[in-house]
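Note that the numbering used here numbers the sequence shown so that position 96 is 481, with each residue one more than the last. Backbone N, C-alpha and C fix where the C-beta goes; we use that ideal spot for every residue, glycine too. Here the structure is a predicted model, which means the values were calculated and not measured. Okay, so here's the structure we're looking at.
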Amino acid sequence: MTLLDIINSQQLLIILWLLYFSIHSLFASLWFKRLVANHFPDLMPGYRLTFNAAALLILIPPVYFMHRYPGENLWTWSGSWRYLSYTSSVIAVGGFLWS
């Protein structure tokens, strides 16, 4: 019996995203940064790089399972709304790159 036999893929995805958000928020919190600074002060110069690397690593499981077990779409953009969504995406990426 595998884990997917016990829970369905949507429940697994919810659990994985909640774990990701929880761990990411913990690592980003001032409380955790102070804890690391107090106990391991030599590690603080590389904390941000380590945080970003860890964030990317723990992002792999939920993204993998999203693509491995795709569910139904919650909604689809159609007609002129699709072009509006594409335009807003391009503006958002442009704003990100510009900043």
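Using a 10 angstroms sphere on the CB of L404, the tally of other CB atoms stays under 16, which defines it as exposed. In this structure, DSSP gives L459 a state outside helix and strand, which the three-state scheme calls coil. For S484, there is no enclosing alpha helix (DSSP H), as DSSP gives it neither H nor E.
Each residue's CA atom was taken as its position, placing L469 and Y449 some 28 Å apart. In the three-state reduction of the DSSP assignment, Y449 falls in the helix class, which pools H, G and I. The segment 410-421 and the segment 455-469 do not touch, with fewer than 3 CB-CB distances between them shorter than 8 Å. The alpha-carbon of S474 is positioned some 11 Å away from that of R467. For F412, the secondary structure class from DSSP, reduced to helix, strand or coil, is helix.
Under a 10 Å Cβ-count criterion, L398 is classified as buried, with 16 or more other Cβ atoms of the shown protein chains found around its own Cβ.
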